[in-house]
Amino acid sequence: MKKKLLVSVFLSMSPPNNFYRRLKSTLDISFIRDKTRSLYGTEGQKSIDPVVFFKLMLIGYIENLNSDRRIIEMASMQVDMLYFLDYNIDEKLPRHSTLSRTRKLYPEDLFVDVFSWVVHLCVCKGMCKGTRQAVDSASRRANASMDSLIRAESLDYLRELGAVQR
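To convert a position in the sequence shown, counted from 1, into this note's numbering, add 4.
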């Protein structure tokens, strides 16, 4: 009942063009459960849902959050992100350390392949522009010509890594 209340309140109060509202209705990443099924056991403490894990990774990517702690902090304070994750406002998100442990569970090639495909789907659905931006935090004079600067696309960057082949 509570979950339905959050959903109905959020949907009635948020604008239809809210990014995470649109992303949730546009992006189907349920395929991740099948791709990662062999990595999860059936006994012991229940693990984080792999779809929720990759949605949290996507939030970190989209919001340019560079730590698991920041991802969890941000997602726990934003109703639209909770809605995207299928969490209620009073449900606790996984601990930030769970994200680190889960990331280590996945073989690197599987993580890169799945995450790259999720980003690719977002770009194809028009949810992300596919551009990458990097900011140097050190204030230094650069010895570079402005004419030599080039713009790199995220998808091109991922292709260079061999992560996106579709």
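All residues carry an ideal CB built from backbone N, CA and C; glycine is no exception.
Going by C-alpha to C-alpha distance, which of the options sits closest to residue i?
| i | options | result |
| --- | --- | --- |
| P98 | Y110, A79, E112 | A79 |
| C132 | L15, Y24, L114, V13 | Y24 |
| H100 | E67, I52, V127 | I52 |
| V55 | T106, E77, P111 | T106 |
| L60 | N68, F35, I76, P111 | I76 |
| N22 | Q82, L43, N70, D117 | Q82 |
| R26 | P111, Y110, F14 | F14 |
| N70 | V116, S16, S104 | S104 |
| V116 | S42, S16, Y65, Y44 | Y65 |
Helix or strand or just coil, what does DSSP make of residue i?
| i | result |
| --- | --- |
| E77 | helix |
| G130 | coil |
| K96 | coil |
| E112 | helix |
| L60 | helix |
| L43 | helix |
| D32 | coil |
| L69 | coil |
| P91 | Checking the sequence shown, residue 91 turns out to be Tyr, not Pro. Coil, per DSSP. |
CA-CA distance, residue i and residue j?
| i | j | result |
| --- | --- | --- |
| R170 | H124 | The pLDDT assigned to R170 is 45, lower than 50, so where the model puts this residue is not dependable, and the model offers no usable value. |
| I63 | I33 | 14 Å |
| P19 | K108 | 37 Å |
| E95 | D113 | 32 Å |
| D84 | Y91 | 10 Å |
| P111 | K50 | 20 Å |
| R37 | E67 | 24 Å |
| R74 | T102 | 13 Å |
| L86 | M17 | 14 Å |
| Y44 | I93 | 27 Å |
| S42 | F35 | 13 Å |
Contact check, residue i vs residue j under 8 Å by CB: the rounded distance?
| i | j | result |
| --- | --- | --- |
| K28 | F119 | Not confirmed; about 18 Å, so no contact. |
| K129 | T40 | About 22 Å separates the two Cβ atoms, so there is no contact after all. |
| V122 | F58 | 6 Å |
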